[in-house]
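J.: Numbering (the working numbering), first residue to last: 1096 to 1181.
The beta carbon of each residue, even a glycine, is placed where N, CA and C say it ideally should be.
Remember, it's a predicted structure, so these values are computed and weren't measured experimentally.
#1: Let me check one thing: in DSSP terms, what residues is residue 1151 bridge-paired to?
#2: Using only alpha-carbon positions, find the residue among 1111, 1166 and 1137 that is nearest to residue 1156.
#3: Determine the direct distance from the alpha carbon of residue 1152 to that of residue 1131, and round the result to whole angstroms.
#4: Between 1150, 1106 and 1167, which has its C-alpha nearest residue 1129's C-alpha?
#5: Grouping DSSP H, G and I as helix and E and B as strand, with all else coil, what is residue 1176?
#6: Could you check how far apart the C-beta atoms of residue 1114 and residue 1121 are, in whole angstroms? I think they sit under 8 Å.
#7: Which of the three DSSP states, helix, strand or coil, is assigned to residue 1117?
#8: Spatial neighbours of residue 1160 within its chain, please: CB distance less than 8 Å, with the 5 preceding and 5 following residues excluded, ordered by chain position.
Below is the structure:
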């Protein structure tokens, strides 16, 4: 279930990035909804200054961090539950 939630949230982050290509897309109901649920997480990465010219790599780093942390958490929990952690 954790992987499904992370996958859905990653898709939402990709939609957030795609909306930036369309003028006024953030002002629609869908755009406001996407901003409301994705901006708090993305704000954690704002201090990294991952913009190089017109390209912002913040979303890519945020998705990678989300995926890696979910896989790490899954590994830790599975080892604890199945007694494989020494």
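T.: Taking the definition as stated:
#1: 1146
#2: 1137
#3: 20 Å
#4: 1106
#5: helix
#6: 6 Å
#7: coil
#8: 1140
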